[in-house]
């Protein structure tokens with residue numbers, strides 16, 4: 003991976019697709035670990051299912067929801083709940099409590115995550131937000147807080163309508179709340195080598211640019227995730243793919259900043 007100087011503020015990347023089963027959490031976890039080879043990385047589990055959290059923390063007493071100024075919450079600092087997975091890879095856990103974030107009672111409720119992240123931005127090079135598989139207030143908070151969006155697309159059964167809905171959501175956020183939000187591209191995920199790639203990419207490109215790096219369907223990916231080994235539990239080709247994806251994302255961000 004290319005090593006670069008740390009920026010003064012983190013690059014905030016939302017990993018999003020409102021359709022379940024697209025591999026958002028897997029991409030978020032493995033990308034975070036790949037980037038943490040040379041950068042300080044914070045992964046925010048922003049999904050009430052808390053799949054990323056359960057890998058490292060069993061039933062956290064406090065989670066991301068308790069850091070939000072929502073309704074009658076007395077928010078705590080994110081530093082209090084941050085889990086250090088490695089020296090450079092930290093995690094903000096989630097819990098089912100985040101499912102309570104459904105209805106905006108004030109215009110400020112759309113910037114709850116943005117406000118909570120603000121003090122952490124100088125501390126990290128990258129902040130990765132693992133988004134929920136649904137549209138609504140939680141996803142809107144993530145897109146308003148983020149600088150960039152990447153979209154994992156499970157290539158075996160992707161939904162054209164789902165891509166259209168997500169594209170519309172991103173465009174709505176850009177127009178109304180976050181004009182600087184940049185769509186970096188879609189990641190072809192769990193790709194089976196026997197499939198024809200050209201037609202698939204063409205359909206996805208109707209809505210989003212597509213990363214060159216492809217993440218192939220490999221049995222050792224979910225196994226490595228379940229054993230908390232992540233990249234260390236994968237075969238060399240899979241590790242190489244994730245490092246290439248991390249490099250490509252860095253390159254896209256550098257282009258966007260020029």
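Residue numbers (the numbering used here): 3 to 260. Each residue gets a CB set at the ideal place from its N, CA and C atoms; glycine is no exception. Predicted model only: the values in this text are computed from it and were never measured.
Residue 33 sits close to residue 244, with the two beta carbons spaced by under 8 angstroms. Collapsing the DSSP output to three states places residue 75 in coil.
Residue pairing by DSSP puts residue 128 in a beta bridge opposite 13, 43.
The residue from 118, 256, 14, 225 with its alpha-carbon nearest to that of residue 71 is 118.
For residue 217 and residue 176, the gap between their C-alpha atoms comes out near 28 angstroms. Relative to residue 143, the option among 156, 121, 106, 164 whose CA is nearest is 106.
Counting only runs that start and end inside the stretch 53-124, the beta strand (DSSP E) elements of at least 3 residues fall at 91-94. Burial check for residue 253: the Cβ neighbour count within 10 Å stays below 16, so the residue is exposed. Distance from the Cα of residue 69 is smallest, within the candidate group 56, 92, 43, 97, for 97.
The three-state reading of DSSP puts residue 208 in coil, since its state is none of H, G, I, E or B. Shown here for residue 146: same chain residues with a beta carbon closer than 7 angstroms to its own, the five before and five after excluded, namely 112, 113, 116, 175, 179, 180 in chain order. Counting along the chain, residue 189 sits inside the beta strand (DSSP E) bounded by residues 184-191. In the structure shown, residue 152 falls within a strand segment according to DSSP collapsed to helix, strand and coil.
For the pair residue 167 and residue 20, the CB atoms are nearer than the 8 angstroms cut-off. The stretch 225-239 makes contact with the stretch 28-42, as at least three CB pairs between them are under 8 angstroms.
Distances from the alpha-carbon of residue 35 to those of 257, 220, 247 put 247 closest.
For the options 37, 222, 220, 203, the alpha carbon positioned closest to that of residue 213 is the one of 203. In the DSSP assignment, residue 218 forms a beta bridge with 193. Assignment of residue 177 by DSSP, reduced to helix, strand and coil, places it in the helix class. Counting along the chain, residue 238 sits inside the alpha helix (DSSP H) bounded by residues 238-259. Of all alpha-carbon atoms in 95, 239, 125, the one lying nearest the alpha-carbon of residue 56 is that of 95. When secondary structure is reduced to three states using DSSP, residue 213 falls in the coil class, being assigned neither helix nor strand.
By the C-beta density criterion, residue 121 is exposed, having fewer than 16 other C-beta atoms within 10 angstroms. By the neighbour-count definition (other C-beta atoms within 10 Å, threshold 16), residue 148 is a buried residue.
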